[in-house]
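Engineer: Below you will find the structure I want to go over with you.
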Amino acid sequence: MLMRECFPFYASDGFECKLERVRAAHGASPLGPVVLVHGAGVRSKIFEPPVEMTLVRYLAEAGYDVWLENWRASIDLPPSQWTLDQAAVYDHPAAVRKIIDVTGASTIKAVIHCQGSTSFMLSAAAGLLPQVDVIVSNAVSLHPIIPNVSKFKIICCTPLLGCLTPDLNPQWAIQSNTYVQKALVGLVRLTHHECDNDVCKFTSFTYGTGFPVLWRHENLNEATHEWIRHEFASVPISFFKQMSRSVRAGQLMGVSHLNTLPKHIAAQPAKTQARMVFITGDKNVCFLPESQMRTYLFFNEQRRNFHSFHLLAGYGHLDVFIGQRAAVDVFPIILDELNRPTH
Ligand SMILES: [Zn+2]
Numbered sequence: 112m113l114m115r116e117c118f119p120f121y122a123s124d125g126f127e128c129k130l131e132r133v134r135a136a137h138g139a140s141p142l143g144p145v146v147l148v149h150g151a152g153v154r155s156k157i158f159e160p161p162v163e164m165t166l167v168r169y170l171a172e173a174g175y176d177v178w179l180e181n182w183r184a185s186i187d188l189p190p191s192q193w194t195l196d197q198a199a200v201y202d203h204p205a206a207v208r209k210i211i212d213v214t215g216a217s218t219i220k221a222v223i224h225c226q227g228s229t230s231f232m233l234s235a236a237a238g239l240l241p242q243v244d245v246i247v248s249n250a251v252s253l254h255p256i257i258p259n260v261s262k263f264k265i266i267c268c269t270p271l272l273g274c275l276t277p278d279l280n281p282q283w284a285i286q287s288n289t290y291v292q293k294a295l296v297g298l299v300r301l302t303h304h305e306c307d308n309d310v311c312k313f314t315s316f317t318y319g320t321g322f323p324v325l326w327r328h329e330n331l332n333e334a335t336h337e338w339i340r341h342e343f344a345s346v347p348i349s350f351f352k353q354m355s356r357s358v359r360a361g362q363l364m365g366v367s368h369l370n371t372l373p374k375h376i377a378a379q380p381a382k383t384q385a386r387m388v389f390i391t392g393d394k395n396v397c398f399l400p401e402s403q404m405r406t407y408l409f410f411n412e413q414r415r416n417f418h419s420f421h422l423l424a425g426y427g428h429l430d431v432f433i434g435q436r437a438a439v440d441v442f443p444i445i446l447d448e449l450n451r452p453t454h
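Going by our numbering, the sequence shown opens with residue 112, and the numbers climb by one from there.
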């Protein structure tokens, strides 16, 4: 049994976000708080697929006070044309402050995925998360590197898509209302034949080039493959525009002109003392493993033999968390890294 509590919080620009606290039923969490941060176009439920052991349960039962952050990209919150800069400056520092306030802890740890990772890492590197002492980042952080065919797609298609629609939404595969939505669903059906789940196929169309892009089918159980139908929804074109610029630059680029963020975040030393742990699947075709390796090298340059990098054999992008064997192959690595000394 797990105990759950909800904590709404306001990002510092007033956007209302949500935190969910999950603890083992006995209530003891001697290892302190850890925040889990989801990616784009999903919600914090993405960490709780229908598998025997989720990362949330695994960490709670190990003694962590688990916090699930729904930041402005969450499909449980009102849609907006969000940017990674806004999340970095407004959402994540406010979420961390809220957790510190409620728990009374002096430091917290974080497990962050994809665009939750890029934005959280942006925030940490800009010195906005001094309370976070360990960060486990999956898939991509400061250096988004994608396959050439995906690069061509995002750079060429984003301006065109931006003229036709304010967002992309895998839910259109279930219900589409406009000609543009219907045409995109038709395009996906024409070009994707890897499974019979239209939402699964639309996520591949949305997030890159692959069949599929976000997981390896053999790593998901049937229930999880079915469950994703309701876990992927709207992603704004503002995100694709920022990622397109960042991919061209080979590093995250600020686009919102916020004073607290440098335009080229990786052009100067990061303002964080946190120990960084980079993980990614060796079969990740959404963001290539080189993405995480580059950011690892960036941090290793600043403090040698302190940070870590793990390449997960046989894994892709999100199956690192939702895969049917992730509790055996991946979660022990995450737990072990969270438990290591932070100095
Ligand atoms: Zn599928």
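For glycine and all other residues, C-beta sits at the position ideal for the given N, C-alpha and C.
Mind the definition here: the segment 118-129 touches the segment 224-236 only if three or more C-beta pairs lie below 8 angstroms; say whether that holds.
Structural biologist: Counting C-beta pairs with one atom in each stretch, the segment 118-129 and the segment 224-236 have fewer than three that are closer than 8 angstroms, which means they do not touch.
Engineer: Enumerate, from N- to C-terminal direction, the unbroken beta strand (DSSP E) stretches of 3 or more residues contained entirely within the segment 182-264.
Structural biologist: 219-224 and 243-249
Engineer: Given A377, which residues of its chain have a CB within under 8 angstroms of its CB, disregarding the five upstream and five downstream residues?
Structural biologist: Here the question's residue 377 lines up with position 266 in the sequence shown. So the list reads A236, L253, H254, Q362, L363, T406 and F409, once near-sequence residues are dropped.
Engineer: Could you name the residues of the same chain whose beta carbon sits closer than 6 angstroms to that of H428, not counting the 5 residues immediately before and after it, in chain order?
Structural biologist: As a working note, residue 428 is residue 317 in the sequence shown. The residues are A250, L325, N395 and C397.
Engineer: Looking at the secondary structure, which residues open and close the alpha helix (DSSP H) in which L446 lies?
Structural biologist: For this step, residue 446 is matched to residue 335 along the sequence shown. Looking at the DSSP string, the run of the alpha helix (DSSP H) that includes L446 is F442 to N450.
Engineer: Using only the alpha-carbon positions, how far apart do R132 and E337 sit?
Structural biologist: Numbered from its first residue, the sequence shown carries residue 132 at position 21. Numbered from its first residue, the sequence shown carries residue 337 at position 226. Each residue's Cα considered, the two are about 26 angstroms apart.
Engineer: Provide the residue(s) that pair with I103 in DSSP beta bridges, ordered along the chain.
Structural biologist: Shown here, the chain extends from 112 to 454; a query on residue 103 therefore has no answer.
Engineer: Under 8 angstroms from any heavy atom of ligand 1, does the C-beta of K312 make it?
Structural biologist: The sequence position of residue 312 within the sequence shown is 201, counting from 1. For ligand 1, at least one heavy atom lies less than 8 angstroms from the Cβ of K312.
Engineer: Compare the Cα-Cα distances from Y169 to each of D187, G150, Q192 and R134 and report the closest residue.
Structural biologist: For the purposes of this step, residue 169 is taken as residue 58 along the sequence shown, with counting starting at 1. Checking every option, the nearest Cα to that of Y169 belongs to R134.
Engineer: Can you name the start and end residues of the alpha helix (DSSP H) that V296 belongs to?
Structural biologist: For this step, residue 296 is matched to residue 185 along the sequence shown. Here the alpha helix (DSSP H) through V296 covers Y290 to T302.
Engineer: Considering just the uninterrupted stretch of the beta strand (DSSP E) at M387, what are its terminal residues?
Structural biologist: The count along the sequence shown starts at 1 and reaches residue 387 at position 276. Counting along the chain, the beta strand (DSSP E) containing M387 begins and ends at R386 to G392.
Engineer: If you measure between the beta carbons of L239 and A199, is that distance less than 9 angstroms?
Structural biologist: Within the sequence shown, residue 239 is the residue found at index 128, counting from 1. Within the sequence shown, residue 199 is the residue found at index 88, counting from 1. Cβ distance < 9 angstroms, so L239 and A199 count as in contact.
Engineer: For K374, which three-state DSSP category applies?
Structural biologist: Looking up residue 374 in the sequence shown gives position 263. In the structure shown, K374 sits in coil (DSSP, three-state: anything other than H, G, I, E or B).
Engineer: Cutting at 6 angstroms between CB atoms, please list the residues of its own chain near V455, excluding the five before and the five after it.
Structural biologist: Lying before the first or after the last residue shown, residue 455 is absent from the chain, which here runs from 112 to 454.
Engineer: In whole angstroms, give me the CA-to-CA distance for Y201 and A122.
Structural biologist: To locate residue 201, count along the sequence shown from 1; it is residue 90. To locate residue 122, count along the sequence shown from 1; it is residue 11. The alpha-carbon of Y201 is positioned some 5 angstroms away from that of A122.
Engineer: On the DSSP letters alone, give me the boundaries of the alpha helix (DSSP H) that P277 sits inside.
Structural biologist: Numbered from its first residue, the sequence shown carries residue 277 at position 166. No alpha helix (DSSP H) holds P277; DSSP gives it neither H nor E.
Engineer: Within the continuous alpha helix (DSSP H) that includes H336, where are the two ends?
Structural biologist: For this step, residue 336 is matched to residue 225 along the sequence shown. That run of the alpha helix (DSSP H) goes E333 to W338.
Engineer: Nearest-angstrom Cα distance between D309 and P452?
Structural biologist: Position 198 of the sequence shown holds residue 309. Position 341 of the sequence shown holds residue 452. About 45 angstroms.
Engineer: Take E116 as the anchor and find which of A206, L179, G152 and D244 has the nearest alpha-carbon.
Structural biologist: As a working mapping, residue 116 is identified with position 5 in the sequence shown. Closest option to E116, Cα to Cα, is L179.
Engineer: Could you pull the DSSP bridge partners for L271 from this structure?
Structural biologist: Position 160 of the sequence shown, counted from the start, is the residue given in the question as residue 271. Per DSSP, none; premise fails for L271.
Engineer: If distances are taken between C-alpha atoms only, which option among D307, F316 and R300 comes closest to N280?
Structural biologist: Residue numbering aside, residue 280 sits at position 169 when the sequence shown is read from its first letter. That would be F316, whose Cα lies nearest to the Cα of N280.
Engineer: Could you tell me which residues DSSP puts in a beta bridge with V346?
Structural biologist: By one-based count along the sequence shown, residue 346 stands at place 235. For V346, which the question treats as bridged, DSSP gives the partners L279.
Engineer: Is the segment 146-155 touching the segment 184-193 in the sense that three or more CB pairs, one from each, lie closer than 8 angstroms?
Structural biologist: yes
Engineer: Report all residues from its chain with a CB closer than 6 angstroms to the CB of A216; omit the five preceding and five following residues, and keep chain order.
Structural biologist: Your numbering for residue 216 matches position 105 in the sequence shown. Excluding residues within five positions, the ones whose Cβ falls inside 6 angstroms are G143 and P144.
Engineer: May I ask you to check if the CB of P119 is nearer than 8 angstroms to at least one heavy atom of ligand 1?
Structural biologist: Start at 1 with the first residue of the sequence shown, and residue 119 comes out as number 8. Because no heavy atom of ligand 1 lies under 8 angstroms away, the Cβ of P119 does not count as near it: no.
Engineer: Return yes when the C-beta of N332 is under 8 angstroms from any heavy atom of ligand 1, and no when it is not.
Structural biologist: Within the sequence shown, numbered from 1, the residue matching residue 332 stands at position 221. Between ligand 1 and the CB of N332, the shortest heavy atom gap is not smaller than 8 angstroms.
Engineer: What does DSSP give as the partner residue(s) for R132 in the beta ladder?
Structural biologist: Locating residue 132 in the sequence shown gives position 21, counting from the first residue. E116 and W178, per the DSSP bridge assignment.
Engineer: Report the partner residues of E127 according to the DSSP bridge assignment.
Structural biologist: Sequence index remark: in the sequence shown, residue 127 carries index 16 (1-based). Under DSSP, E127 forms a beta bridge with Y121.
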